[in-house]
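One structure is given here, and the rest of the page talks about it.
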Amino acid sequence: MIDIDRLQKQSRIIGTSDGVQQLLEMIAQVAPVDISVLITGESGVGKELVAKAVHQASKRNKDQLVVVNCGAIPEGIIESELFGHKKGSFTGAGEDRKGYFEAANKGTIFLDEIGETPLETQVKLLRVLDNGEFMRVGEAKTRYTDVRIIAATNKNLTELVKKGEFRQDLYYRLKTVTVDVPALRKRVEDIGPLVERFALEFTRSNDILYRGFMPEAIRVLKQYEWPGNVRELKHFVEKILVLQKGERITVEMVQNELIDVLPLEPIHNPALPVLVNQSSDKAEIDLILRQLFMLKQDTEIIQKMLMSGQVPSTVTQFPIMDPADLGIPLPKKSMEITDEVQKLIRDDAIGDMAIKDLEEEAITRSLRFFNNNRRKTARSLGMSERTLYRKIEEFGLEPKIKRRK
Ligand SMILES: Nc1ncnc2c1ncn2[C@@H]1O[C@H](COP(=O)(O)OP(=O)(O)OP(=O)(O)O)[C@@H](O)[C@H]1O
Ligand SMILES: [Mg+2]
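Note that our numbering has the sequence shown beginning at 15, numbered continuously upward.
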């Protein structure tokens, strides 16, 4: 019996959902047995990946897997492509040629988009499926090939049979072992691991700094329908990483890219410091009040600084300053709006910072604030001067501070 974990690693089929686990179990069951397999599922769900996994896990894996996209070959030449032809059998047939079925001898042939094959070709497929027999175009000699057939379709073959576009006998022959790959929206728990894998692969191979997706951004991705399934998700991840090069991917970035698409349920924006179950009017009022309070705070900080003769460069962006430290009392009323105003770190920095970075920024900005006076800086930060010297050295701040003077 094939080990599922190993199969998952080797096949690179990502997913922790029940859907993917069942899929892997099915592959493990059918791969070692030399029978034909029909893989069904919407476009982009990973049917080709499954076909490759079946071949890889089979006894035929030392030989070729020949992939044929039946939908992409013009009707006029499909038989010659599949079964080969004899020299002179049609205009342009300058020499004898092997077809895919011969090329795949001892290995596996993957007939993708089998629903697209013309009816006349389907008869010949049935024959080769039954006993490996076929004839090259323009030749009367029966040849034999030892191939395993894996077919795939994103069409509903039952419907095609009803419409007379697909042979019933071939359909019954093919569907004995059917592996259905579920749509991505039916296994949203796979979205997180898929995004992570695609993002890592893409940023690595394109030398882009990867700082991850915010958990909220992943949550939003789970609310989208993904009609193009995993392929669409992959392209989406690559696109957003190019557009937001080196940034940590936030919910807003994702929403902006998904703007034309209706989500399955309303999206909660974590940037709003309000409870989800509040009415939108109340939420908006709270937001406005909060903004006003922050504006008032900023004005008071600037006033205080101007009065004490200290002019910082970027007051409004100072992330870790408590107005109370500057002797500015926090207005009581605003405390009722939200308790978050007391915090030193901006909400939107949560999840995107390291203590070391905070420390470095605090030291750099405090030094600048106190005109490089190390004693005052150390005292304001509550550390000894020796520690401050050590930190300056550790973070390599000396040249930075000097440059900016
Ligand atoms: N579970 C998965 N784990 C990792 N990558 C996946 C997974 N499923 C699909 N992919 C990737 O998504 C893309 C589309 O997959 P694939 O070509 O196998 O889909 P398909 O079902 O054959 O689509 P179509 O019907 O359009 O031919 C590929 O790049 C594939 O590697
Ligand atoms: Mg495919």
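Glycine included, each C-beta is placed from N, C-alpha and C at the ideal position. None of the values given here were measured: they were computed from a predicted structure.
Between the CA atoms of residue j and residue i - distance to the nearest angstrom
i      : j      : result
Pro132 : Ile41  : 29 Å
Arg187 : Arg150 : 23 Å
Ile27  : Leu223 : 25 Å
Val193 : Gln36  : 10 Å
Leu143 : Phe97  : 13 Å
Leu184 : Arg162 : 15 Å
Asp160 : Gly146 : 6 Å
Glu130 : Ser57  : 14 Å
Arg389 : Phe383 : 12 Å
Asn385 : Glu375 : 15 Å
Thr328 : Asn168 : With a pLDDT of 41 at Thr328, under the threshold of 50, the predicted position of this residue should be treated as unreliable, though the coordinate-derived value follows. Between Thr328 and Asn168, the C-alpha separation is close to 57 Å.
Gly396 : Val34  : 54 Å
Leu235 : Thr122 : 36 Å
Arg211 : Asn387 : 48 Å
Ser398 : Asp366 : 28 Å
Val82  : Lys101 : 23 Å
Ile91  : Glu246 : 31 Å
Asp361 : Val268 : 19 Å
Pro207 : Ser380 : 41 Å
Gly85  : Glu215 : 30 Å
Thr313 : Met321 : 12 Å
Asp32  : Glu173 : 28 Å
Asn170 : Val137 : 19 Å
Gly178 : His249 : 36 Å
Asn270 : Ser219 : 25 Å
Ser404 : Gln22  : Going by the sequence as given, residue 404 is Arg instead of Ser. Going by the C-alpha atoms only, they are around 49 Å apart.
Ser25  : Glu127 : 21 Å
Pro241 : Asp19  : 28 Å
Ile342 : Ile316 : Confidence is the limiting factor: at Ile342 the pLDDT is only 45, short of 50, which leaves the residue's position unreliable and the question unanswerable from this model.
Val47  : Asp221 : 42 Å
Asp110 : Ala154 : 14 Å
Ile11  : Gln237 : Nothing can be reported for residue 11: it is not among the residues displayed for the chain, which extend from 15 to 419.
Ala285 : Gln43  : Caution applies to Ala285, whose pLDDT of 40 falls short of 50 and renders its modelled position unreliable; the value that the coordinates give is listed next. Roughly 47 Å separates the two Cα atoms.
When the options are compared against residue i, the one with the closest alpha-carbon
i      : options                           : result
Ala107 : Pro196, Gly152 and Arg382         : Gly152
Ala71  : Ile16, Glu373 and Leu411          : Ile16
His99  : Gln136, Phe124 and Thr156         : Thr156
Glu203 : Glu408, Gln22, Glu179 and Gly29   : Gly29
Ile369 : Thr391, Phe409 and Gly178         : Phe409
Glu116 : Leu381, Phe148 and Leu214         : Phe148
Leu411 : Glu266, Ser398 and Glu373         : Glu373
Lys120 : Ser94, Cys84, His69 and Ala86     : His69
Ile49  : Arg74, Val81 and Arg262           : Arg74
Ala363 : Arg111, Thr135, Glu399 and Thr264 : Thr264
Tyr158 : Gln136, Lys112 and Lys189         : Lys112
Thr54  : Lys253, Lys405 and Ala197         : Ala197
Glu261 : Glu179, Thr378, Arg225 and Glu271 : Arg225
Glu89  : Thr135, Val47, Lys176 and Asp221  : Thr135
Val80  : Ile406, Gln317, Tyr114 and Thr378 : Tyr114
Ala213 : Lys259, Gln237, Val175 and Ser394 : Lys259
Glu266 : Thr378, Pro241 and Pro229         : Pro229
For residue j and residue i, believed in contact at Cβ under 8 Å, the rounded distance
i      : j      : result
Ala118 : Gln78  : 6 Å
Val209 : Phe227 : 6 Å
Leu255 : Thr217 : 6 Å
Ile420 : Ile232 : This structure does not reach residue 420, given that the chain is present from 15 up to 419, and the question cannot be answered.
Arg181 : Leu125 : In fact, because the Cβ distance is near 14 Å, the residues do not count as touching under 8 Å.
Arg199 : Glu239 : 5 Å
Val191 : Leu38  : About 15 Å; that fails the 8 Å criterion.
Val195 : Gly60  : 6 Å
Ile406 : Ile377 : 7 Å
CB contact below 8 Å: residue i versus chain B
i      : result
Thr313 : Here there is only one protein chain, and chain B is not present.
### Any beta strand (DSSP E) of 3 or more consecutive residues that is wholly inside the stretch 161-204
162-167 and 192-194
### Query
Can you list, in chain order, the stretches of the alpha helix (DSSP H) that have 4 or more residues and sit fully within the stretch 26-61?
32-44
### Task
Could you tell me whether the stretch 56-68 touches the stretch 164-177, using the rule of 3 or more Cβ pairs below 8 Å?
yes
### Message
Runs of 4 residues minimum, wholly inside the stretch 132-162: which ones carry the alpha helix (DSSP H) assignment?
### Response
133-145
### Query
Of all the beta strand (DSSP E) runs that stay within the bounds of the stretch 79-105, which reach a length of 3 or more residues?
79-83
#### Entry: Length at least 4, wholly inside the stretch 237-272: the alpha helix (DSSP H) runs in chain order
243-257 and 265-271
### Task
For the stretch 370-401, list the alpha helix (DSSP H) runs that are entirely contained and at least 4 residues long, ordered along the chain.
388-395
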